[in-house]
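Protein chains: 4
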Amino acid sequence: MKRIGILTSGGDAPGMNAAVRAVTKTAIHNGLGVVGIRYGFAGLVAGDFVTLTAENVDHMISLGGTFLYSARFPEFAQPEVQKKGVEQLKKHDIDTVIVIGGDGSYHGALALTRLGINSIGLPGTIDNDIPCTDYTIGLDTACNTALEAIDKIRDTASSHHRVFIVNVMGRGCGDIAMRVGLASGADAIVVPERPYDVKEIAETLKRGFAAGKDHGIIVLAEGVMDAEEFRTELLKYGDFDARANILGHMQRGGSPTVLDRVNATKMGNYAVKLLLDGKGGLAVGMENGQLETHDILDLFDDTHRSDETLLDINDEMTK
Amino acid sequence: MKRIGILTSGGDAPGMNAAVRAVTKTAIHNGLGVVGIRYGFAGLVAGDFVTLTAENVDHMISLGGTFLYSARFPEFAQPEVQKKGVEQLKKHDIDTVIVIGGDGSYHGALALTRLGINSIGLPGTIDNDIPCTDYTIGLDTACNTALEAIDKIRDTASSHHRVFIVNVMGRGCGDIAMRVGLASGADAIVVPERPYDVKEIAETLKRGFAAGKDHGIIVLAEGVMDAEEFRTELLKYGDFDARANILGHMQRGGSPTVLDRVNATKMGNYAVKLLLDGKGGLAVGMENGQLETHDILDLFDDTHRSDETLLDINDEMTK
Amino acid sequence: MKRIGILTSGGDAPGMNAAVRAVTKTAIHNGLGVVGIRYGFAGLVAGDFVTLTAENVDHMISLGGTFLYSARFPEFAQPEVQKKGVEQLKKHDIDTVIVIGGDGSYHGALALTRLGINSIGLPGTIDNDIPCTDYTIGLDTACNTALEAIDKIRDTASSHHRVFIVNVMGRGCGDIAMRVGLASGADAIVVPERPYDVKEIAETLKRGFAAGKDHGIIVLAEGVMDAEEFRTELLKYGDFDARANILGHMQRGGSPTVLDRVNATKMGNYAVKLLLDGKGGLAVGMENGQLETHDILDLFDDTHRSDETLLDINDEMTK
Amino acid sequence: MKRIGILTSGGDAPGMNAAVRAVTKTAIHNGLGVVGIRYGFAGLVAGDFVTLTAENVDHMISLGGTFLYSARFPEFAQPEVQKKGVEQLKKHDIDTVIVIGGDGSYHGALALTRLGINSIGLPGTIDNDIPCTDYTIGLDTACNTALEAIDKIRDTASSHHRVFIVNVMGRGCGDIAMRVGLASGADAIVVPERPYDVKEIAETLKRGFAAGKDHGIIVLAEGVMDAEEFRTELLKYGDFDARANILGHMQRGGSPTVLDRVNATKMGNYAVKLLLDGKGGLAVGMENGQLETHDILDLFDDTHRSDETLLDINDEMTK
């Protein structure tokens, strides 16, 4: 084993750069070279490679986004494109690869492993929608960004005795909504994992205002329903001043939190060790705070399981 | 002069609480009582009054929103409603009033003055759209909130070589957009004050990408055009990956910045002194960093003038 | 069981208010009353009680500090003072108590339980120095506050090719230093849990500068050594521009993070359920992300164990 | 005129990078080249030059510190060293220079101008201690950083009914202390510009606690007295729980605020225009929000004047 290639794939997430840094520094410590592959699998096939040194990754730990860039590249599903990628890697003496990204990117990592390039996948997405892990790199930063925005929105909601329906990210997965909802003291958390009843939510809000509460917050996972549509539904059951607010793409960016930097660093460090042990085709995850690995194949048969006790607790505190 | 009534009106703005605190502490220092009028002019007519002390306003300096609450109350345009308000004030020994709010609220302040209750208006709105002042309480905080969001969005934009059209607040006034656009290094700032050319903006973006820039940011004042509509227009002239993002209501909230707290405090302090001097019917403003007063009547004949040199500088740096 | 008394004890920590809110809302949901005991055990003995409602705890979730106040009260170790406290509780129909605080406060909770008032302890301190739990309420916020400060300090360090020795909180426990050190990419993390070698640290810094690094950061747990003293030691082995910086008390305050709010809410909710089950004399903790309980007595025989793998990883990346 | 050299000198300040970016983009727009001179005047003499393009300054607008680095270089006071610098500039076709830094750096700018290299000075320091300007680049960010820290400290102060003496930066100039003191609602602001009476401050604090205030904050400019020494003095006149806290170097770093970025951009843009007009030996400043220039010589005969009305207002609200 000589050189590790590292790439980021899918949507960017805060902490990706910290993971790249950890891979680079750990690899160098172990006498290996590290090559940054720019623009994900597209750059892998195109040979868009940059040598990484301890010094040029040094400042990256505090930066959001991915300095290696990311790009969509569905073509990498094709065997001949994969082979081209492997040729590029071999030409540049890269014999192992670490991929940081969403579940789509694991397919690429598995394909490379099968073609003789041991590859490890790290879960990098704010959405926390990857199987076999209860944490993904970027989740904590995205949640804190959303929470800070909702704390600001609450100022306005309270000043005007208003209800805000706040759409947070998470297309198929309500994990951001559950955490942020509980943390913001939301009157209701609406996620794809659990049925909801708009009328009941309206009753909760009415009870709150009647008891002296000066505002209402509903946290809505983007996958469930359009926020404006939800507002229209809600207004059928109550005569509130209600507004819809979509937090949008800022949830993807920003300097990563302590937790995201620490976990990204742990995972990057661990991935290098797995490669040094001759492992490949593995996905790194975190379960109950401990690093775990799974065969990438197992992920394809599984789905992410959310901690729905957060919803139970919120229900208990609002109803 | 015995007691000052103070109310907040219109949309809430960070720094309103700091202004209420400054009025309260200055008044008490000068031997006057202070009464908080809740829910703006609606509360004035309803007699929703709370006594303010130095201690209960003490912690308010760092909080966004308005703890006195605000409410729409167009009925206050009617003379008989105004009279009712004056009766409430007299019943509670309140002989002067300070109103913090947008330009709508100045009508109320003038009406009260004409009915014998000397009243002073302070400019409290994030939009900076009030005549005879180049600063309104809340502007600086809103700009910094928007900037922090755009800095986050830039992480994602850069990671994916993407263009973001970011809609910031300011319905009829581009002041937030101008400041935030210049501060975020936007490729274009689109405001109601100046014509724009979507094709030219697209050319700027193309030139940027061609020269090696890894992202594009357009800051769009909400009053000009819907962000999605702008995106559709833009894509006619360039083959970008472009997204629209509306920052929304979080721009209204949050703990006020140093500038907003200092200026709100200066203005609150000054308003009490004007009342002590027997003045009424005046609007407090800030021009070139100095406190100024104008007859409220003058405001109605005037319009806010923006510092358009910011646009000239941005043009010079992007074209 | 009729009414729960709740108090905060020891140093304040962000998330204490979120825990009080969760206790209050969960108790009310279960038909119980909640009484806030102000100023910790001192207020318990003095009978400084306030009734808590869902509405008056509502806004507290986002606020740092403890709105119930805290106070030192070593007198509560005396049996006759404890009895006085129990009398106060009985007089006010309070038959159970939840104590949020550091390990000192667990003695009080145990004493109350033995006197017939079932009491539960929640770990509330930024220091993470409590046995039988790997998380304490406030830890995550304190770490993020320290990290943001170090990110700022790094700007100056880099601009001047300087080394900063940053003293973070944690008198007998290096957990803040370990997390923040790893997250800030520190060249060295100095904690009470592990011996350190100033000369070796100086060598690491010299190697870094020689290789092109533009700054150095050493994160020092306050319990180990005075930062200025450390600086003097360090300068014996290298000719750096080095400065010492003590982050200080701001690490204790601030709006809690998502993790601290979520965990504080989980713990507060859980504590009420334990009381409903007739339990007392228990300490709530979190191990590997899961809620756990231990007899308070067990805590007195045990010590907190830190995750020292963070130090190993940092060593591997810096040496 | 062909190429502008740009350097940063003295302590780093947030917004320096924004100013460098503005100079670069404006110069390129006007057909000029721009050369970054690294490590201040030391790098000028050593010829440590890097070509700046619009793309490589693009991301710098949001970063604290100075990416051109800064360094002490008292040797530049010597005429023969200055001549060497001029030779380096001429060798690299640099015929004009912009210097961003504290008042020390203006001597260098004047020396270069006298030797035929037209040079302009921009005020870059958080301390606001430069004559002929009421604003320096970095002041607003430093004030907001200090304010956020004090808001956190207040949480702890309030929780424990404690007084904090917070030392903020500003060795010979109390401008940071005045702004931050007023914005944080400090009970006292202690600055070099005005005598103070510790006994009177203690009386103010006592009156506050007696009236129900739950904390005390004293903002102390670092130039006046050591914070621990102040605490010892204070405790002679009152039996408070008081702590001293030095905010330290984090006040120098961090992403610049809107105001600092906008003003740095205005100033950088303006400096290029002055050079295009053939001007040299000038210091750019801001008075009452407007750009101004002064002969650098005038600065040497003058001193900075602070807005002491902030102290008067604070006095009025606390005594």
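Chains as they are written, first to last, in our numbering: chain A, 1 to 319; chain B, 1001 to 1319; chain C, 2001 to 2319; chain D, 3001 to 3319.
Cβ atoms here follow ideal geometry from the backbone N, Cα and C, with glycine treated the same way.
First through last residue of the beta strand (DSSP E) which encompasses PRO14(A): Careful: PRO14(A) lies outside any beta strand (DSSP E) and carries neither H nor E.
Residue span of the alpha helix (DSSP H) that contains VAL2258(C), given as start and end: For VAL2258(C), the enclosing alpha helix (DSSP H) has its first and last residue at 2258–2276.
Coarse secondary structure for THR96(A), derived from DSSP in three states: strand
Test: ASN1314(B) CB closer than 8 Å to a CB of chain A: no
Distance between beta carbons of VAL1081(B) and ASN1117(B), contact taken as under 8 Å: The sequence shown places Ile at residue 1117(B), rather than the Asn named in the question. That belief does not hold up - the Cβ atoms of ILE1117(B) and VAL1081(B) are roughly 14 Å apart, past 8 Å.
Contact with chain D by GLY2253(C), beta-carbon distance below 8 Å: yes
In chain order, each alpha helix (DSSP H) run of at least 4 residues that lies wholly inside the stretch 153–224 of chain A: 175–183, 198–211
heavy atom of the ligand SAM below 7 Å from SER2255(C) C-beta: This structure lacks the ligand SAM; in fact it carries no ligand of any kind.
Buried or exposed by the 16-neighbour rule on C-beta atoms within 10 Å, applied to LYS2319(C): exposed
Inter-stretch contact at 8 Å, needing at least 3 Cβ pairs: the stretch 88–106 of chain A / the stretch 7–27 of chain A: yes
CB contact check: CYS2132(C) to chain A, cutoff 8 Å: No Cβ of chain A is located within less than 8 Å of the beta carbon of CYS2132(C).
Secondary structure of HIS2059(C), DSSP reduced to three states: helix
Burial state of ASP3214(D), where buried means 16 or more other Cβ atoms lie within 10 Å: So ASP3214(D) counts as buried.
ARG3(A) - DSSP class collapsed to helix/strand/coil: strand
Minimum Cβ-Cβ distance from ASP3175(D) to chain B less than 8 Å: no
Min CB distance GLU3203(D) to chain B below 8 Å: no
For HIS2294(C), the three-state DSSP class (helix, strand or coil): strand
ARG305(A) classed as buried or exposed, judged by whether at least 16 other C-beta atoms fall within 10 angstroms: It counts as exposed.
Whole-Å CB distance - GLY1248(B) paired with ASN245(A), under 8 Å assumed: 4 Å
Buried/exposed call for ASN1017(B), threshold 16 Cβ in 10 Å: buried
Helix, strand or coil at ASN1144(B) according to DSSP, with G and I counted as helix: helix
Separation of GLU3292(D) from ASN128(A), as counted between CA atoms: 53 Å
Whole-number beta carbon distance between LEU2259(C) and ASP2140(C), since they are thought to touch under 8 Å: 4 Å
Given 8 Å, three or more beta-carbon pairs between the stretch 1065–1084 of chain B and the stretch 1033–1044 of chain B: These segments touch.
PRO3123(D), DSSP secondary structure in three states: strand
Chain-ordered chain D contacts of THR2156(C) [CB-CB under 7 Å]: ASP3012, GLY3065, HIS3249, ARG3252, GLY3253
Selection from ILE296(A), PHE300(A), TYR270(A) that minimises the alpha carbon distance to GLN290(A): TYR270(A)
Chain F contact for MET3016(D) (CB, 8 Å cutoff): Going by chain labels, chain F is absent from the structure shown, which instead holds the protein chains A, B, C and D.
Extent of the continuous alpha helix (DSSP H) run through GLY3108(D): That run of the alpha helix (DSSP H) goes 3103–3114.
For ASN1245(B), the residue or residues it bridges with in DSSP: VAL1166(B)
Chain B within 8 Å of SER3159(D), Cβ atoms only: no
Contact with chain B by SER3062(D), beta-carbon distance below 8 Å: Yes, SER3062(D) counts as interfacial toward chain B.
Per-residue contacts from ASN2245(C) into chain D (C-beta, under 8 Å): GLY3248, HIS3249, MET3250
Selection of the stretch 193–217 of chain A by Cβ proximity to chain C, strictly under 7 Å: ALA211, GLY212, LYS213
Beta-carbon gap between ALA2111(C) and GLY2268(C) smaller than 8 Å: no
Backbone secondary structure at LEU1282(B) - three-state DSSP: Strand, per DSSP.
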